[in-house]
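Following the numbering used here, the numbering of the sequence shown begins with 443 at its first residue and continues without gaps. Reviewing the structure listed below.
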Amino acid sequence: MIVLLQRVLEAQVVRRAEGGQAEEPLGAVGRGLLAFVCAEPGDSAAVIAKAARKTARLRIFEDENGRMNLSAADIGGGVLVVSQFTLAADCTGGSRPSFSNGASPAEAQKAYLAYVEALRAEGLKVETGAFRAHTHVRLTNDGPATFWLKF
């Protein structure tokens, strides 16, 4: 599992309606994390739990002294989870990325949903996008602060 975390002041994900300009809101958070999640073949329940635990407990928010010493759980922050299979891209050969390192759609959806539930079990408020949907993500990155986690 790969998780790309961005510390945000706010983030939202919307799906654009077919043939029009209207947007369907899917999920949004205020101060907290935007988590782009990519499942890889064989991601076990233990790996998914570890990824959720790390997401919830990673101390990347500033304390009263301006040091990264607080977690999303510590600040009562939310997490917006967005499926992002392109994190598995292999761009080493040629000009077109290969996505063979990613889990199959069925396996990826199962892992994505398990990650969301594991975050909720950690006590976090979790919002989501729509799995395998073309969406637009808007965010105000706080820092910017972005962390790439590989499990």
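Even for Gly, the Cβ is constructed at its ideal location relative to N, Cα and C.
Continuous beta strand (DSSP E) stretch holding residue i: start and end
i, result
"glutamine 551", "Premise fails: glutamine 551 lies in the alpha helix (DSSP H), 547 to 563, not in any beta strand (DSSP E)."
"isoleucine 502", "First-last for isoleucine 502: undefined, no H or E at that position."
"leucine 447", "444 to 458"
"arginine 580", "577 to 592"
"leucine 566", "Looking at the DSSP string, leucine 566 is not in any beta strand (DSSP E), and its letter there is neither H nor E."
"alanine 530", "Here alanine 530 belongs to no beta strand (DSSP E), and DSSP marks it neither H nor E."
"alanine 470", "465 to 471"
For residue j and residue i, believed in contact at Cβ under 8 Å, the rounded distance
i, j, result
"tyrosine 557", "valine 479", "6 Å"
"glycine 544", "glutamate 482", "6 Å"
"alanine 450", "aspartate 584", "Sequence inspection shows valine at residue 450; the alanine mentioned does not correspond to that position. Confirmed, about 6 Å."
"serine 525", "arginine 574", "7 Å"
Delimiting residues of the alpha helix (DSSP H) encompassing residue i
i, result
"isoleucine 517", "514 to 517"
"threonine 497", "487 to 499"
Paired residues, beta bridge with residue i - DSSP
i, result
"serine 525", "Val479"
"glycine 535", "According to DSSP, which records beta bridges pairwise, glycine 535 is partnered with nothing at all."
"serine 542", "DSSP lists no partner for serine 542."
Residue i in three-state terms, based on DSSP
i, result
"alanine 572", "coil"
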